[in-house]
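Each residue of the sequence shown is one higher than the one before, counting from 193 in the working numbering.
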Amino acid sequence: MTQLQSTFITRFISITLIALSQLGAPSLARADLPRPPGWEPSCSIEKEQKSGALCKQCRGYQNPDPCQEALQKDGYTRRCEEGGAGSYVAVWCKGPAPSNSSAAPPSSAAPSATSPEPTPSSTAASAIPAVSATPTPPPVGPTPDNRRGSGMCSIHAIDHAPDANMLALLAAGIGIILVRRRSYRNHG
193 MTQLQSTFIT RFISITLIAL SQLGAPSLAR ADLPRPPGWE PSCSIEKEQK SGALCKQCRG
253 YQNPDPCQEA LQKDGYTRRC EEGGAGSYVA VWCKGPAPSN SSAAPPSSAA PSATSPEPTP
313 SSTAASAIPA VSATPTPPPV GPTPDNRRGS GMCSIHAIDH APDANMLALL AAGIGIILVR
373 RRSYRNHG
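Below is the structure:
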């Protein structure tokens, strides 16, 4: 093999590996945006249990409500929900609804003809929780219970097809290089 062929093969391998790594990297990165200082979640089990209801918190990743079927069968109703780029949380409760909850009790689900429709501003004002004088900072650290709103990045591919495709392309590229190299050795 000549010096020119060796240089060509080395450059070809380098360019191929760089191109493949650049094609596969963006499909793996996912992140939630960090919350502002003093941020408190608007949907928490503690806030919903103040009325004496029995509540459960349900968390999921890329799934709007992983517990809906199981909790509805047991008589729970969804009280509140929050979502981000990659994670989701919902609070489901049995029992009396708190007076300031945005969810209406089952008996008043159908509005009467004489009652006025609530405006978005009045509904939003009743759903704003009271802020304490000393706000607690949001939890920090990669634990399963505080991924939501922590601003932590998660590097994970939801569907593993991009990873498999990238590996197949890499294997094919290496195979082609090895076959060409053998043919150059045998014929050159």
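Quick reminder that beta carbons are idealized off the backbone N, C-alpha and C, glycines included.
Under the three-state reduction of DSSP output, Arg227 falls in the coil class, being neither helix nor strand. Counting along the chain, no beta strand (DSSP E) covers Ala289, and no H or E run does either.
Assignment of Thr194 by DSSP, reduced to helix, strand and coil, places it in the coil class. Apart from sequence neighbours up to five positions away, the residues of its chain that approach Gln241 with a beta-carbon distance below 7 angstroms are Cys247, ordered along the chain. For the 8 angstroms CB-CB criterion, Phe200 and Ile369 do not form a contact. Within the model, the alpha-carbon separation for Ser213 versus Ala363 is close to 13 angstroms. Taking all protein chains shown into account, Ser375 has fewer than 16 neighbouring C-beta atoms within 10 Å of its C-beta and is therefore exposed. Looking at the backbone, the Cα of Arg271 and that of Pro228 are separated by about 24 angstroms. By the neighbour-count definition (other C-beta atoms within 10 Å, threshold 16), Lys286 is an exposed residue. By the Cβ neighbour-count rule, Val281 is buried, with 16 or more other Cβ atoms within 10 Å of its own. Beyond the five residues adjoining it in sequence on each side, Gly365 comes within less than 6 angstroms, by CB distance, of Thr208 in the same chain, given in chain order. For Pro226 and Leu359, the gap between their C-alpha atoms comes out near 32 angstroms. In summary, Trp284 is buried, with 16 or more beta-carbon neighbours lying within 10 Å of its beta-carbon over all protein chains present. Assignment of Gly365 by DSSP, reduced to helix, strand and coil, places it in the helix class. Rounded to whole angstroms, Ser234 and Ala211 show a C-alpha spacing of 44 angstroms. Where Lys265 is concerned, the enclosing alpha helix (DSSP H) starts and stops at 260-265. The three-state reading of DSSP puts Lys239 in helix, counting H, G and I together. Residue pairing of Gly252 in beta bridges, as defined by DSSP: Tyr280.
From the listed residues Ser236, Gly367, Gly244, the smallest Cα separation to Ala289 is found for Gly244.
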